[in-house]
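Worksheet: the structure to be examined is printed underneath.
Chains as they are written, first to last, in our numbering: chain E, 1 to 312; chain H, 1001 to 1062.
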């Protein structure tokens, strides 16, 4: 197979583009796709400071590398989730990446800074671990972005992630969630701007990007994610994609272009009744404490502690 | 675990895409790395090569 751009030997194919790329042209393809996404959705303005949520996995490290390569100001945020046999190793990948590039990595540790881990919190709050994990991460992402004075939070969600989430939302006709599934969530109501610059790239592409850029990442999956519904949706979509390349991009891309606007009113309704949590100040629709503060209280029997994020 | 590590021996030469299918994987869900280098599906893998079929699907934290 020859590179579509320069006719050298290809090392990776991207079937939905009906293309093979050599190493250099593939890396350029990834940069171009991300820059195009950022510009099209006004994700990050020149001079703005971005905080990148990094886990040590392929998507978040590829994202951080791409943002730095494209010249954006981007610090990383790593959250230690206290998952045995997994979290410690993921931290090593995140730290090594940051050290190699002299990039700033903000580190928060659930056990050390808040006194709980995902598994114990889930049990105490009557949730499955994925729920406690997502709730904690989203809360800390928002708080760290605001308290650190960053203009925007960037996450490594790729095309496959978004297509799988969209499929799940459509299967259950969860219009409220669909209304909030957009590559950019604007700031306001106490939330920072949140962006997903990788949504034009599939998982094979972010993995290939890391391999070809020599970025070491954690290949192992979270031990608590095995058999979950999200992976089932991905399997289903990949079965379709194998036979009809381009389906995931048409599904998700078409939704963003044609359908998301129709749900804008439902998205507005979801933000009614927001007020500041009396304990931590973050926005919530809950009657009193926000869901995260309730989780911390149940998991530790204590008030939450402050995030170790300094303002610049 | 969703992606347990396992080692198999396969007789070469074999096409990269054919190997992926032979081992029961979906080509959309894996990368093929031969002797440390990423390869496309149309490449023929020689006998004696070390091949990594690397899953790319993340189900938890990315």
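Note that beta-carbon positions come from the ideal geometry of N, C-alpha and C, so glycine has one too.
Helix, strand or coil at residue i according to DSSP, with G and I counted as helix
i	result
residue 116/E	coil
residue 200/E	coil
residue 77/E	strand
residue 243/E	helix
residue 285/E	coil
residue 153/E	strand
residue 193/E	strand
residue 1038/H	strand
residue 61/E	helix
residue 218/E	coil
residue 129/E	helix
residue 107/E	strand
Straight-line gap, residue i to residue j (C-alpha atoms, nearest Å)
i	j	result
residue 8/E	residue 212/E	16 Å
residue 80/E	residue 117/E	9 Å
residue 231/E	residue 243/E	19 Å
residue 287/E	residue 47/E	39 Å
residue 172/E	residue 1029/H	25 Å
residue 1058/H	residue 217/E	12 Å
residue 101/E	residue 87/E	22 Å
residue 250/E	residue 29/E	19 Å
residue 1055/H	residue 276/E	42 Å
residue 84/E	residue 108/E	16 Å
residue 35/E	residue 70/E	7 Å
residue 247/E	residue 125/E	38 Å
residue 301/E	residue 115/E	10 Å
residue 203/E	residue 160/E	6 Å
residue 235/E	residue 169/E	16 Å
residue 99/E	residue 27/E	22 Å
residue 1005/H	residue 226/E	14 Å
Integer Cβ distance of residue i from residue j, believed to fall under 8 Å
i	j	result
residue 205/E	residue 14/E	6 Å
residue 139/E	residue 198/E	That belief does not hold up - the Cβ atoms of residue 139/E and residue 198/E are roughly 22 Å apart, past 8 Å.
residue 293/E	residue 271/E	At roughly 20 Å, the Cβ-Cβ gap does not stay under 8 Å, so residue 293/E and residue 271/E are not in contact.
residue 49/E	residue 150/E	5 Å
residue 1052/H	residue 1033/H	4 Å
Minimum C-alpha distance to residue i - residue among the options
i	options	result
residue 266/E	178/E, 276/E, 241/E	178/E
residue 282/E	144/E, 301/E, 221/E	144/E
residue 285/E	57/E, 191/E, 159/E, 120/E	191/E
residue 290/E	93/E, 274/E, 301/E	274/E
residue 61/E	25/E, 167/E, 210/E, 160/E	210/E
residue 66/E	31/E, 90/E, 55/E, 127/E	31/E
residue 142/E	131/E, 130/E, 155/E, 132/E	155/E
residue 224/E	238/E, 170/E, 296/E, 119/E	119/E
residue 93/E	264/E, 240/E, 6/E, 55/E	55/E
Neighbourhood of residue i by C-beta distance below 7 Å, restricted to the same chain and skipping five residues each side
i	result
residue 260/E	182
residue 1046/H	1012, 1013
Beta-carbon contacts of residue i that lie in its chain and below 8 Å, excluding the five residues immediately before and after
i	result
residue 103/E	64, 68, 74, 75, 76, 97
residue 166/E	178, 181, 251, 252, 255
residue 176/E	266, 267, 269, 270
residue 229/E	168
residue 1041/H	1015, 1016, 1017, 1020, 1027, 1032
residue 263/E	175, 178, 179
Contact set for residue i: own chain, Cβ-Cβ below 6 Å, skip 5 residues either direction
i	result
residue 41/E	183, 184
residue 1050/H	1035
residue 207/E	58
residue 245/E	15, 16
Distance cut-off 7 Å: residue i Cβ against heavy atoms of the ligand MG
i	result
residue 149/E	As presented, the structure is devoid of all ligands, the ligand MG included, so that no description of it is given.
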